[in-house]
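Asks:
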Amino acid sequence: IWLLTPDVVSEIIPMQPGLFDLVIFDEASQMFVEKGIPSIMRAKKVIIAGDHKQLRPSKLGAGRIGMDEDDAEDEGDIPIYEEANSLLDVARFKYPNVMLNYHYRSKYEELISFSNHAFYKGRLYVSPNIDKDIEPPITVHKLNNGKWVDRSNRAEAEKVVDIIDEIFRTRKENETIGVITFNSSQMDLIDSLLENRCASDPQFAEYYYSEIKRKENGEDIGLFVKNIENVQGDERDIIIFSIGYAKADNGRLVRNFGWLNQSGGENRLNVAISRAKKKIHIVTSFEPSELNVDDMKNEGPKLLKQYLRYCFAVSSGDEGSVRNILGSMNDVDDQVSYADVDDAFTEKVYNELTKHGFDVERNVGIGGYCIDLAIRKNGKFVLGLECDGKLYHSNMNIRERDYHRRKYLESRGWHIYRLWSSSWWKSPEAEIQRISRIIDDSMSSTVSI
């Protein structure tokens, strides 16, 4: 197995057709077509992997742009930084493709559900949270003193440093940390304030300098502060966003969101909001309702407003608003739901389990990937029940996918029991006793289903 960049392939590998049985391109959305051709020529077969909802290559460095274009509210094209078609763009319209549906990065579904609905038409399979009584995975810090001055917001930068300080002193699992800003001026200000805090607080300095050098198995997992252009490929347990934009001295809320304003800018938002594994902190100086983007032609600013609405709802525990916001996203695919069951059967099971003293919740999950019934003990779901219906019995394809679904949910900490309607109607009491035994076994970590 050779692990090489396309440039190195051209430099050191003989230009021999079919030299490799298989060539795999990763992050192909960021690769120019011409960069991939020499490697393709050397391959018998090719797999091209990437995400067309993330960054494309730029004519100034494959999407890794360090400059800002947020001096105006212009939504036109920026020719000097014009984005180009990628190898993935060409391949996905010409060759067979398959979507990798299962999402593994985020521990909590709230961290990825907005991206799933806004960018992937609800097609990602996301595990419902197994821990019910948790603090919101997204916390919004709304500041009343934030001002937009010289393309930065000092109040937000100071708050970001305070949040990092608190994480250093209170984290329980040595979580990794990343900070994302919408422009390089805010990024530089946060870096400067971090250094100032180090100079005035030796304890913070010890944490900080150790954190920025952290590695795990040779991989850099240290604290980073980056702008939205440079975070593709990164992930951290905790992500802190400084939105930055705020009312200027004239009282007007600026809308110059830089690259987010441009055509395709929404992909940058998608990259940024999908980096967190455990927690997101949003630091903002305005309410979503204060942001007027109806007259803007590109999707980036509009999706930013929707995302902020979503974050405020998650942070406040407003599940109804969360579902409404996700439901309002356009173009959600009509797909077979694994919770597509005989509602009367599911309702009957719910009622009987409740009568027997079980704490049961229906349709667990905020996305389209719900568990029919889940039984809770001590603030945690201890068993998920999947109720079969006529569609399940009649469709082999659904049964095959159900196997993979169950394996996925179990890999995320769930214990799943398939409740057959035929067994239930034959003897409800026997099934309830079996469910009780399974829960006892799961609580003692000796699950046998």
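Start counting the sequence shown at 495; every next residue gets the next number (the numbering used here).
In this text, a Cβ means the ideal position worked out from N, Cα and C, and glycines have one as well.
Just so it is clear, the structure is predicted and the values come from calculations on it, not from any experiment.
1. Along the chain, which unbroken stretches of the alpha helix (DSSP H) at least 4 residues long are found entirely within the segment 772-821?
2. Extract the residue ranges of the alpha helix (DSSP H) inside the segment 655-732, only unbroken runs of 4 or more that lie entirely within it.
3. DSSP three-state label for T633, please.
4. Using three-state DSSP, classify S757 as helix, strand or coil.
5. From which residue to which residue does the beta strand (DSSP E) around E857 run?
6. Between V673 and I684, how many whole angstroms is the CB-CB distance? I'm expecting something under 8 Å.
7. Roughly how many whole angstroms lie between the Cα atoms of F839 and V517?
8. Going by C-alpha distance, which of H850, K874, I926, N711 is nearest E629?
9. To the nearest angstrom, how far is the alpha carbon of I734 from that of Q726?
10. For I606, count neighbouring Cβ atoms within 10 angstroms of its own Cβ and tell me buried if that reaches 16, exposed if not.
11. Below 8 Å, can you find three or more Cβ-Cβ pairs linking the segment 699-708 to the segment 738-755?
12. Kindly indicate the opening and closing residues of the beta strand (DSSP E) around L516.
13. Spatial neighbours of E657 within its chain, please: C-beta separation below 6 Å, excluding the five flanking residues on both sides.
14. To the nearest angstrom, report how far apart S822 and S815 are at their CA atoms.
15. Let me know if W642 comes out buried or exposed under the rule of 16 or more other beta-carbons within 10 Å of its beta-carbon.
16. Alpha carbons only, please: which of E604, P922, L513 is nearest the one belonging to V808?
17. Please report the residue range of the beta strand (DSSP E) in which K874 lies.
18. Label Y863 either buried or exposed according to how many other C-beta atoms from any shown protein chain fall within 10 Å of its C-beta, with 16 as the threshold for buried.
19. For the alpha helix (DSSP H) that A838 lies in, which residues bound it at each end?
20. Would you list the residues sitting across from A868 in a DSSP beta bridge?
21. How would you write the range of the beta strand (DSSP E) that V748 sits in, first residue to last?
22. Closer than 7 Å: is that where the CB of L582 sits relative to any heavy atom of the ligand SAM?
23. Please report the Cβ distance between K767 and Y801, rounded to the nearest whole angstrom; I am assuming they are in contact, meaning their Cβ atoms lie under 8 Å.
24. Here's a check: name, in chain order, each residue in its chain whose Cβ is nearer than 7 Å to the Cβ of S694, leaving out the five neighbours to either side.
25. Taking C-alpha atoms, which residue in I732, N792, V527 lies nearest to K666?
Replies: By the coordinates alone:
1. 793-810, 813-821
2. 678-694, 696-705
3. Taking the sequence shown and counting its residues from 1, one reaches residue 633 at position 139. Strand at T633.
4. Taking the first residue of the sequence shown as 1, we reach residue 757 at position 263. S757 falls in the coil class under three-state DSSP.
5. Position 363 of the sequence shown, counted from the start, is the residue given in the question as residue 857. It should be pointed out that residue 857 corresponds to Asn in this sequence rather than to Glu. Segment 854-858, the beta strand (DSSP E) holding N857.
6. Within the sequence shown, numbered from 1, the residue matching residue 673 stands at position 179. Within the sequence shown, numbered from 1, the residue matching residue 684 stands at position 190. The Cβ separation is near 6 Å, so the contact holds.
7. Numbered from its first residue, the sequence shown carries residue 839 at position 345. Numbered from its first residue, the sequence shown carries residue 517 at position 23. Each residue's Cα considered, the two are about 50 Å apart.
8. For this step, residue 629 is matched to residue 135 along the sequence shown. Checked all of H850, K874, I926, N711; the closest Cα to E629 is K874.
9. In the sequence shown, residue 734 corresponds to position 240, counting from 1. In the sequence shown, residue 726 corresponds to position 232, counting from 1. Approximately 15 Å, taken between the alpha carbons.
10. Translated into positions along the sequence shown, residue 606 becomes position 112. So I606 counts as buried.
11. no
12. Here residue 516 refers to the residue found at position 22 of the sequence shown. That run of the beta strand (DSSP E) goes 514-519.
13. Along the sequence shown, one-based indexing puts residue 657 at 163. It is Ile, not Glu, that sits at residue 657 in the sequence shown. The residues are I734, H775.
14. Taking the first residue of the sequence shown as 1, we reach residue 822 at position 328. Taking the first residue of the sequence shown as 1, we reach residue 815 at position 321. Using only the alpha carbons, I get a separation of about 10 Å.
15. Within the sequence shown, numbered from 1, the residue matching residue 642 stands at position 148. With 16 or more Cβ atoms within 10 Å of its Cβ, W642 is classed as buried.
16. Within the sequence shown, residue 808 is the residue found at index 314, counting from 1. Checked all of E604, P922, L513; the closest Cα to V808 is E604.
17. As a working mapping, residue 874 is identified with position 380 in the sequence shown. Start and end: 874-881.
18. Taking the sequence shown and counting its residues from 1, one reaches residue 863 at position 369. Classification of Y863: buried, given that the 10 Å Cβ count is 16 or more.
19. By 1-based counting over the sequence shown, the position of residue 838 is 344. Looking at the DSSP string, the run of the alpha helix (DSSP H) that includes A838 is 837-849.
20. Within the sequence shown, numbered from 1, the residue matching residue 868 stands at position 374. Paired residues: E855, G878.
21. Here residue 748 corresponds to residue number 254 of the sequence shown, with the count starting at 1. From DSSP, V748 is part of no beta strand (DSSP E); its letter is neither H nor E.
22. Absent from the structure shown: the ligand SAM. Ligands present: none.
23. As a first step, residue 767 must be located in the sequence shown, where it is residue number 273. As a first step, residue 801 must be located in the sequence shown, where it is residue number 307. Lys is not the amino acid found at residue 767; the sequence shown has Ile there. Correct: roughly 6 Å between the Cβ atoms.
24. As a working note, residue 694 is residue 200 in the sequence shown. Here the set comprises nothing.
25. One-based indexing of the sequence shown puts residue 666 at position 172. Selected option, being the one with the closest Cα: I732.
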